[in-house]
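Accompanying notes for the structure given below.
Residue numbers (this note's numbering): 0 to 160.
Structure representation (C-alpha cells):
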C-alpha cells in the first residue's frame with residue numbers, strides 16, 4: 000500500500016516517509032459524526048487510485064469505522080446503493096458491522112445521493128435498533144445454526160435413550 004488511513008482516535012500513525020498518512024481521530028460510538036471526514040477520505044482514496052497507489056484503511060478491529068468509510072466511498076464514488084456497497088465490503092471482510100449510528104448516517108447519505116433507501120433501521124427487540132441488513136444476517140445465522148443444533152440434539156437424545 001501507498002497510503003494509510005487511520006480511523007482510531009488517540010493513535011497517531013507513525014509510518015515510513017514514502018507513505019501518505021491520513022489520521023481520522025474518531026471513536027466507534029453511535030453519536031460520532033462521520034460526515035466531516037467523508038470528503039477528505041474520499042479524495043485521499045481517489046488520489047491514490049489515480050496514481051496507481053493502494054490504500055490501507057483501518058480502525059480498532061476493522062469492523063465499524065473503517066468499514067463505514069469504505070461503504071460510503073462506494074456509495075459516493077462507485078455509485079452503489081447502501082445495500083450493495085455493504086454487501087460488497089462484507090464479501091471481502093465478512094466481520095464488518097458498522098454501529099447503528101453510522102448506519103443512520105449512511106442511510107441519510109443514500110437518501111441525499113439517490114433519493115431512496117435500500118437499508119433501514121429496525122427495532123426487532125424493544126429498545127434495540129439495528130440495520131435490517133445486519134439483523135437479517137444474524138437471524139438467518141442463528142436460525143440455521145439452531146436448526147442444525149436441534150437436529151443434532153434430537154439425534155443425541157435418541158442415541159442416549
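C-beta atoms are modelled at their ideal positions from N, C-alpha and C, and glycine is treated no differently.
Asked                                                                                                               : Found
Rounded Cβ spacing between residue 82 and residue 132 (contact assumed at less than 8 Å)                            : 6 Å
Residue 21 burial status per 10 Å Cβ neighbour count (16 or more: buried)                                           : buried
Distance between beta carbons of residue 92 and residue 6, contact taken as under 8 Å                               : Actually they are not in contact, since the Cβ atoms of residue 6 and residue 92 sit about 14 Å apart, beyond 8 Å.
Delimiting residues of the alpha helix (DSSP H) encompassing residue 75                                             : 64-75
Close Cβ partners of residue 61 (< 8 Å) along its chain, the five nearest in sequence each way excluded             : 92, 94 and 95
Residue interval of the beta strand (DSSP E) (run including residue 128)                                            : 127-130
Simplified DSSP assignment, three categories, for residue 35                                                        : helix
Boundaries (first-last residue) of the beta strand (DSSP E) holding residue 122                                     : 120-124
Span separating the alpha-carbon of residue 75 from that of residue 126                                             : 31 Å
Closest residue to residue 99 among 121, 54 and 138 (Cα-Cα distance)                                                : 121
Beta-carbon proximity check, residue 180 vs residue 56, cutoff 9 Å                                                  : Here the chain has residues from 0 to 160 only, and residue 180 is not among them.
C-alpha distance - residue 155 paired with residue 37, whole-angstrom precision                                     : Residue confidence is low: residue 155 scores 44 on pLDDT, short of 50, so the model does not pin down where it sits. No coordinate-derived value is stated.
Residues near residue 115 by beta carbon distance below 8 Å, same chain, minus five either side                     : 80 and 109
Run of the alpha helix (DSSP H) containing residue 101, from where it starts to where it stops                      : 99-113
Sequence-distant residues of the same chain with beta carbon closer than 6 Å to residue 104, five excluded per side : 33
Option nearest residue 27 by Cα separation, candidates 119, 35, 101 and 117                                         : 101
For residue 54, the first and last residue of its enclosing beta strand (DSSP E)                                    : 54-57
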